[in-house]
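Each residue of the sequence shown is one higher than the last, beginning at 96 in my numbering.
Reviewing the structure listed below.
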Amino acid sequence: MGSIALAFTPRYAVFTLSVIAAITFLILSFVYTGFVILFIVAVVLVGIGVHDVMQKHSSILRNYPIAAHIRFLLEEIRPEIRQYFLESDTDGSPFNREQRSVVYQRAKGQLDKRPFGTQLNVYDTAFEWLHHSIVARHPSEEPFRVSIGGPDCKQPYSASIFNISAMSFGSLSANAIRALNTGAKKGGFYHDTGEGGFSPYHKENGGDIVWEIGSGYFGCRNPDGTFSEERFRETVATPQI
Numbered sequence: 096m097g098s099i100a101l102a103f104t105p106r107y108a109v110f111t112l113s114v115i116a117a118i119t120f121l122i123l124s125f126v127y128t129g130f131v132i133l134f135i136v137a138v139v140l141v142g143i144g145v146h147d148v149m150q151k152h153s154s155i156l157r158n159y160p161i162a163a164h165i166r167f168l169l170e171e172i173r174p175e176i177r178q179y180f181l182e183s184d185t186d187g188s189p190f191n192r193e194q195r196s197v198v199y200q201r202a203k204g205q206l207d208k209r210p211f212g213t214q215l216n217v218y219d220t221a222f223e224w225l226h227h228s229i230v231a232r233h234p235s236e237e238p239f240r241v242s243i244g245g246p247d248c249k250q251p252y253s254a255s256i257f258n259i260s261a262m263s264f265g266s267l268s269a270n271a272i273r274a275l276n277t278g279a280k281k282g283g284f285y286h287d288t289g290e291g292g293f294s295p296y297h298k299e300n301g302g303d304i305v306w307e308i309g310s311g312y313f314g315c316r317n318p319d320g321t322f323s324e325e326r327f328r329e330t331v332a333t334p335q336i
């Protein structure tokens with residue numbers, strides 16, 4: 096009785112209906128042979144259901160015979176459903192459909208521009224744009240710089256707004272440090288040493304240096320770990336710093 100009652104529970108409903116359909120179509124096929132095709136389909140479903148109940152590797156298939164395959168099918172095509180039916184042109188990551196379309200169009204040599212504005216929310220947080228100016232000003236010929244140090248400063252510094260941020264020797268090779276410092280020299284901006292200290296390779300090409308002491312492990316430290324005023328004074332006396 097327990098097995099019969101189980102057959103009529105909701106989770107076995109599809110399997111039970113397949114059995115009933117197979118019996119019904121078998122009887123009707125004696126009346127009209129066209130029902131043979133439906134009988135074969137129902138028998139295939141019953142066979143799948145019997146296999147699902149008998150197998151041991153998946154509890155979902157065993158508890159929901161036949162019906163569980165629908166779940167696995169939907170899971171298999173989930174990315175396609177999202178891409179083609181649910182996502183908008185601006186959804187998705189790491190690249191949305193609009194961005195991918197630009198790549199496709201350029202790869203095929205097609206027009207990659209669309210008229211009449213954008214689908215993006217230009218009033219969203221962190222969205223930036225440039226306004227057209229009716230009365231435009233000519234940019235200054237002088238490079239934009241920031242003065243560091245007031246009237247009482249013995250050695251004020253005029254810093255560029257674009258500089259080389261902290262990247263230590265050790266993390267970078269000697270040649271990389273040389274190349275960065277050469278660029279700082281040519282571009283008129285400073286080169287931050289990072290926590291790795293002021294190495295001999297920073298000195299070679301004469302670019303401006305910001306000496307980052309950071310954790311204090313390199314450049315101004317005594318062997319016992321205390322601060323070395325002498326080494327500090329010696330390093331900051333370097334004209335580059």
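Heads up, the beta-carbon is just placed ideally off N, CA and C, and yes, glycines get one too.
Taking C-alpha atoms, which residue in the options lies nearest to residue i?
{"i": "Ser266", "options": "Glu299, Val145 and Gly289", "result": "Gly289"}
{"i": "Tyr296", "options": "Glu307, Ile272, Ala279 and Gly187", "result": "Ile272"}
{"i": "Phe167", "options": "Val114, Val198 and Leu156", "result": "Leu156"}
{"i": "Lys281", "options": "Ser268, Phe257, Met262 and Gly291", "result": "Phe257"}
{"i": "Lys208", "options": "Glu193, Pro246 and Ile229", "result": "Glu193"}
{"i": "Pro105", "options": "Asp319, Ala163, His152 and Val126", "result": "Ala163"}
{"i": "Pro238", "options": "Ser255, Glu325, Glu171 and Ser268", "result": "Ser255"}
{"i": "Asn270", "options": "Gly187, Ser183, Pro251 and Asn300", "result": "Asn300"}
{"i": "Gly309", "options": "Glu325, Asp319 and Met262", "result": "Met262"}
{"i": "Ile135", "options": "Val126, His152 and Ala116", "result": "Ala116"}
{"i": "Asn158", "options": "Tyr218, Thr321 and Phe103", "result": "Phe103"}
{"i": "Glu307", "options": "Gly204, His233, Lys203 and Val331", "result": "Val331"}
For residue i, count the other beta carbons within 10 Å of its own beta carbon; 16 or more makes it buried, fewer makes it exposed. Which is it?
{"i": "Gly144", "result": "buried"}
{"i": "Pro189", "result": "exposed"}
{"i": "Ala221", "result": "exposed"}
{"i": "Gly212", "result": "exposed"}
{"i": "Tyr285", "result": "buried"}
{"i": "Leu275", "result": "buried"}
{"i": "Ala137", "result": "buried"}
{"i": "Phe293", "result": "buried"}
{"i": "Val198", "result": "exposed"}
{"i": "Val305", "result": "buried"}
{"i": "Phe264", "result": "buried"}
{"i": "Gly245", "result": "exposed"}
{"i": "Gly291", "result": "buried"}
Output needed for residue i: all residues of its chain with C-beta closer than 8 Å, excluding positions within five of it in sequence on either side, in chain order.
{"i": "Lys298", "result": "Thr333 and Gln335"}
{"i": "Ile161", "result": "Val109, Phe110, Ser113, Leu140, Ile143, Gly144 and Asp147"}
{"i": "Leu206", "result": "Gln200"}
{"i": "Thr128", "result": "none"}
{"i": "Ser323", "result": "Cys315, Arg316 and Asn317"}
Might you give, ordered along the chain, the residues of its own chain that have their beta carbon closer than 7 Å to the beta carbon of residue i, omitting 5 neighbours on each side?
{"i": "Ser253", "result": "Arg240 and Ser242"}
{"i": "Ala279", "result": "Ile259, Tyr285, His286, Gly302 and Asp303"}
{"i": "Thr185", "result": "Asn191, Glu193, Gln214 and Leu215"}
In terms of residue numbering, what span does the alpha helix (DSSP H) encompassing residue i cover?
{"i": "Ile122", "result": "Ala108 to Ser124"}
{"i": "His297", "result": "Pro295 to Lys298"}
{"i": "Thr330", "result": "Glu324 to Val331"}
Using a Cβ-Cβ cutoff of less than 6 Å, which residues in the same chain neighbour residue i once the five nearest sequence positions on both sides are dropped?
{"i": "Ile176", "result": "none"}
{"i": "Tyr312", "result": "none"}
{"i": "Phe130", "result": "Phe120, Leu123 and Ser124"}
{"i": "Cys248", "result": "none"}
{"i": "Phe327", "result": "Cys315"}
Complete beta strand (DSSP E) runs within the region 147 to 225 (minimum length 3 residues, chain order): none
Ranges of the beta strand (DSSP E) found wholly within the region 244 to 268, counting only runs of at least 3: List check, beta strand (DSSP E) in window: 252 to 255.
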